[in-house]
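In this note's numbering, the protein residues as written are 8 to 275. Notes follow once the structure below has been shown.
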Amino acid sequence: AEFRVTVVQGKVKHTVACPEDGTFLVLKQRVQELCGVMPASQKLIFKGKARQDAETVAAAGMVCGDKLMLMLSPEGVKEMKQEEERLAGEKRKQEAVEAQQMKEQHRDGTDMDSSEQVAATAKATVIEEDGAGEVGAQVVTVIHLKLQYRMVVQFASALTFLDLKEKLAKLCHVPAKHQRIIFKAKERESAQLLSAAGVKSGDKMMLLLAEGEWKVRDEKELISEVESELCLVQDKISKLKSRCEHGLFGNDTTEISIQAGICLEAVE
């Protein structure tokens, strides 16, 4: 029989199935399957104590729903980053394949055949602008991976692709400057009129994110966020230093190591 526990590493939480008669080494092996870090690079902290590989979870008093803290050696941090890069690379390759397939489907203005369209619609999540579902509404669909955004357009007006991007931004929360709209296998300029591109009601387009903007945040915003997080970490380090100087930990070096490890992981 197995029960589930939560392994916490920084801001990341892993739910791990653990055999009732298993050891902490078995638990580390389960963690390895989730984050790619070798057991030798892991340190599992349970009830304020680093657990040995041979110790059983039953002997440690672990039960379903308990939480452990995962600390990594420098080698473990490197292994986790390598695993994250590998997964990110696979995701980018898959997105590139899907984008190429969609480009081929849109080439020369051709759409998917009816059977493919039904299958794609069944898998996709549809997000509609207000009024898009009304009878007689002139609607275009913008597709991004498994998301379909349906928007109302007035072809009688001088609507540009920039206008379309700004409408789309309200649905997908991706700023217009980070959007690339593909129509009939061609990326469209923001200033181009939809009517000039031959867009009509019922047409489909593809949304790609501007290269290097996968997180859809400007560098300044990202730097500001990192600086804010570092200030919080610095405050924690100052409090930890003060507690050590005033002898509030006594001889409990394990607790000091755990708190220092938390600060170190936050910095990384």
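Glycine included, every Cβ here is placed at the ideal spot set by N, Cα and C.
Collapsed DSSP secondary structure at residue i in the structure displayed
| i | result |
| --- | --- |
| C25 | strand |
| M69 | coil |
| Q199 | coil |
| V33 | helix |
| V206 | coil |
| H253 | coil |
| L75 | strand |
| K20 | strand |
| H151 | strand |
| L215 | strand |
| K222 | For K222, the pLDDT reaches just 47, beneath the cut-off of 50, and the residue's location in the model is therefore unreliable, leaving the point undetermined. |
| Q124 | Because Q124 sits at a pLDDT of 48, beneath the cut-off of 50, its placement in the model cannot be relied upon, and the following sentence gives the value as read from the coordinates. DSSP places Q124 in helix when its eight states are reduced to three. |
| E136 | coil |
| V141 | Residue identity check: residue 141 is Glu in the sequence provided, not Val. Coil. |
| K191 | coil |
| Q186 | strand |
| V181 | coil |
| V15 | strand |
| V146 | strand |
| A8 | coil |
| V64 | coil |
| V159 | strand |
Sub-8 Å separation of residue i and residue j beta-carbons
| i | j | result |
| --- | --- | --- |
| T22 | R11 | yes |
| K153 | T132 | yes |
| M212 | V142 | no |
| V64 | L34 | yes |
| V15 | K74 | yes |
| K172 | I189 | no |
| A57 | E27 | no |
| L79 | Q49 | yes |
CA nearest to the CA of residue i, picked from the options
| i | options | result |
| --- | --- | --- |
| A183 | V146, L214, S208 and V147 | L214 |
| D170 | V70, E27, S249 and Q199 | Q199 |
| I134 | V147, Y156, L75 and E173 | Y156 |
| G205 | K54, E91, E173 and A165 | A165 |
| L32 | I52, K18 and G17 | I52 |
| L41 | G55, A61, L77 and A66 | L77 |
| H151 | Q49, G138, Q161 and V104 | V104 |
| Q89 | Q39, C251, A8 and E252 | Q39 |
| K85 | A47, K56, A66 and K54 | A47 |
| G72 | G17, T13, E91 and K54 | T13 |
| G17 | K246, E236, E252 and R250 | E236 |
| K54 | R195, A67 and L201 | A67 |
| E62 | E92, T30 and R93 | T30 |
CB-CB length for residue i against residue j, believed under 8 Å
| i | j | result |
| --- | --- | --- |
| L216 | H185 | 6 Å |
| V159 | A176 | With 8 Å as the limit, V159 and A176 do not qualify as a contact, their Cβ atoms being about 15 Å apart. |
| T167 | S208 | Going by Cβ atoms, the distance from T167 to S208 rounds to 17 Å, so no, they are not a contact pair. |
| G83 | V19 | The pair is not a contact, with the Cβ atoms about 13 Å apart (cut-off 8 Å). |
| L178 | E136 | 6 Å |
query = What runs of the beta strand (DSSP E), each 3 residues or longer, lie entirely inside the region 35-62?
reply = Complete beta strand (DSSP E) runs here, min 3: 49-53.
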